[in-house]
Amino acid sequence: MLRTDLDLSMHAQEGSAPVRWRVADGLVGYEDAVAEMERQVADIADGKADELVWLVEHPALYTAGTSADSKDLIEPDRFPVFATGRGGEYTYHGPGQRVAYVMLDLKRRRQDVRAYVAALEEVVIRTLDSMNVKGERREDRVGVWVRRPEKPTLPDGTMSEDKIAALGIRLRRWVSFHGLSINVDPDLSHFGGIVPCGISAYGVTSLVDLGLPVMMADVDIRLREAFEDVFGATTNEG
1 MLRTDLDLSM HAQEGSAPVR WRVADGLVGY EDAVAEMERQ VADIADGKAD ELVWLVEHPA
61 LYTAGTSADS KDLIEPDRFP VFATGRGGEY TYHGPGQRVA YVMLDLKRRR QDVRAYVAAL
121 EEVVIRTLDS MNVKGERRED RVGVWVRRPE KPTLPDGTMS EDKIAALGIR LRRWVSFHGL
181 SINVDPDLSH FGGIVPCGIS AYGVTSLVDL GLPVMMADVD IRLREAFEDV FGATTNEG
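First residue of the sequence shown: 1, per UniProt numbering; consecutive thereafter.
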């Protein structure tokens with residue numbers, strides 16, 4: 001079921017500084033990323049730093065959100081597994097997947113978790129739309145999905161769908177962290193070691209799998225444009 005009639009207004013209060021925009025070089029270890037997020041969130045909450053979006057790629061790994069069920073970890077020895085404080089279940093991160101860690105002070109914007117999640121979904125949907133891919137949100141499933149009419153229908157007779165982007169967030173003192181991931185060109189077989197987000201009925205896809213030979217830098221440009229549409233201005237860090 002489509003989610004509709006969502007109020008996506010998440011711009012900061014007038015006079016707020018632009019969101020810092022940082023792109024990591026090379027692969028970033030998961031524990032290092034979490035430690036950096038912890039530092040940034042504390043500084044943002046204390047008014048010592050402006051908001052931040054940090055784009056990274058991770059080495060191949062699985063993360064377990066606060067709702068993760070151990071039976072959904074099919075191959076526990078395949079890649080390192082990290083317990084994480086974000087919402088959600090198991091997910092995969094790895095090379096070829098763009099992870100955006102979004103650290104925003106919702107007190108300066110809108111203290112509405114559901115609206116914030118919908119706004120992150122909207123950023124992904126607009127990013128995909130700029131590449132002529134129709135991403136959709138679902139009422140019963142967080143994330144962004146694409147219809148796959150060329151695949152066999154599901155057992156209930158509905159059209160096949162694949163997940164192209166995942167979301168998982170956490171708030172501390174109304175500052176967000178963790179965020180979203182978009183599958184640009186990861187090794188999709190790596191998702192086979194888990195039940196992604198606890199959902200077994202649907203598959204996983206990527207931009208390249210959909211026939212778009214895009215580069216990560218191209219996706220980053222479109223992601224930033226979509227973020228600014230939904231959340232407001234950004235500025236290159238440093």
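The C-beta atom is built at its ideal place from N, Cα and C for all residues, glycine as well.
Looking at C-alpha atoms only, which residue of Glu225, Pro18, Val41 and Asn236 is the closest neighbour of Glu122?
The closest CA to that of Glu122, considering only Glu225, Pro18, Val41 and Asn236, is found on Glu225.
For the region 30-113, list the beta strand (DSSP E) runs that are entirely contained and at least 3 residues long, ordered along the chain.
Within the region 30-113, the complete beta strand (DSSP E) runs of at least 3 residues are 52-57, 61-64, 81-83, 90-93 and 97-103.
Please confirm whether Ala45 and Asp105 have their CB atoms less than 9 Å apart.
yes
Is it buried or exposed, Leu120, if we count other Cβ atoms within 10 angstroms and call 16 or more buried?
buried
Simplified DSSP state of Glu228, which is helix, strand or coil:
helix
Using 8 Å as the cut-off, classify the Cβ of Asp43 as near or not near the heavy atoms of the ligand ZN, replying yes or no.
Within the structure as shown, the ligand ZN is missing, as the structure has no ligands at all.
By the three-class DSSP mapping on this structure, what secondary structure does Ala233 have?
coil
Is the region 47-54 touching the region 18-35 in the sense that three or more CB pairs, one from each, lie closer than 8 Å?
yes
Can you tell me whether Arg126 is helix, strand or coil according to DSSP?
In the three-state DSSP reduction, Arg126 falls in the helix class (H, G or I).
Using the DSSP secondary-structure output, state which residues sit across from Trp21 in a beta bridge.
Val53 and Asn236
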